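Take a look at the structure set out below.
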Amino acid sequence: MTRDEALMLVKKYLKNKNLVKHSLAVEACMKALARRLGENEEVWGLAGLLHDLDYEITAKDPRRHTQETVKILRDYGLSEEILRAIEAHAGCVACQTKMEWAIFSVDPLTGLIIAATLMHPSKKLREVDLGFVKRRYKEKSFARGAKREDIEQSKNLGLDLDEFISICLEAMQSIDTDLGLA
Numbered sequence: 283m284t285r286d287e288a289l290m291l292v293k294k295y296l297k298n299k300n301l302v303k304h305s306l307a308v309e310a311c312m313k314a315l316a317r318r319l320g321e322n323e324e325v326w327g328l329a330g331l332l333h334d335l336d337y338e339i340t341a342k343d344p345r346r347h348t349q350e351t352v353k354i355l356r357d358y359g360l361s362e363e364i365l366r367a368i369e370a371h372a373g374c375v376a377c378q379t380k381m382e383w384a385i386f387s388v389d390p391l392t393g394l395i396i397a398a399t400l401m402h403p404s405k406k407l408r409e410v411d412l413g414f415v416k417r418r419y420k421e422k423s424f425a426r427g428a429k430r431e432d433i434e435q436s437k438n439l440g441l442d443l444d445e446f447i448s449i450c451l452e453a454m455q456s457i458d459t460d461l462g463l464a
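Okay, so the sequence shown: first residue is 283 according to my numbering, each after it adds one.
Given below as structure tokens:
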């Protein structure tokens with residue numbers, strides 16, 4: 283599957299523009315992490331882009347989240363590596379590989395970075411720095427849905443938290459227009 287085909291699927295299944303933006307953010311972070319870790323950017327990017335494909339379908343039954351995505355994507359011949367990473371991001375299977383740990387940690391971090399940007403006086407992603415994100419990160423009541431313990435599993439990638447956040451922040455800044463935060 284090409285990136286364009288994957289994006290068409292995302293737009294077909296996700297009508298909420300913010301969910302599409304979230305998928306783009308996770309894709310950008312996954313590609314940047316793959317680059318940093320010497321992994322396949324295309325494969326990691328596809329996992330990130332497609333990870334929430336069934337989010338709207340399973341909204342009333344979150345226990346099914348990722349199951350429908352896997353059913354849909356099997357017909358497209360995606361690798362088990364990608365399908366397992368998609369399942370791992372939601373905790374449906376235990377993380378074992380770097381890609382699985384990455385998507386598990388990236389998913390909540392993108393939400394935290396977006397929330398921090400919306401709190402920033404400029405509301406521009408390019409003006410947010412690591413220090414600003416880390417201050418918001420330390421506020422336990424801020425962006426409660428962004429589970430800090432999940433983000434901290436980035437240690438399984440051999441990265442410290444600051445480097446992990448920086449990689450993702452820079453990746454998201456590179457697509458700030460697509461995210462509506464330019």
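Glycine included, every Cβ here is placed at the ideal spot set by N, Cα and C. The model shown is predicted, which means the values in this text are computed figures rather than measured ones.
Let's test the definition: count the other Cβ atoms within 10 Å of the Cβ of Pro390 and tell me whether it reaches 16, buried, or not, exposed. It counts as buried.
For Leu306, count neighbouring Cβ atoms within 10 angstroms of its own Cβ and tell me buried if that reaches 16, exposed if not. buried
In three-state DSSP terms, what is Glu338? coil
Pick from Arg345, Met283, Glu362, Ala384 that is closest to Leu441, judged by C-alpha positions: Taking only the C-alpha atoms, the option nearest Leu441 is Ala384.
So is Ser387 buried or exposed if we call it buried at 16+ other beta carbons inside 10 Å? Its Cβ being crowded by 16 or more others within 10 Å, Ser387 is buried.
Would Gly462 and Lys303 be called neighbours here (beta carbons separated by less than 8 Å)? yes
Cutting at 7 Å between CB atoms, please list the residues of its own chain near Cys374, excluding the five before and the five after it. Counting only Cβ-Cβ distances below 7 Å, and skipping sequence neighbours, we find Thr348.
In whole angstroms, what is the alpha-carbon distance linking Tyr337 and Ala397? About 20 Å.
Pick from Phe446, Lys353, Ser423, Leu301 that is closest to Glu434, judged by C-alpha positions: Looking at the Cα atoms, Phe446 is the closest of the given residues.
CB contact flag (Arg418, Leu394, <8 Å): yes
DSSP three-state call for Val410: helix, strand or coil? DSSP places Val410 in coil when its eight states are reduced to three.
Cα-Cα separation between Asp334 and Ala370, rounded to whole angstroms: 12 Å
Go ahead and label Thr284 buried or exposed: buried means 16 or more other beta carbons lie within 10 angstroms of its beta carbon, across all protein chains shown. exposed
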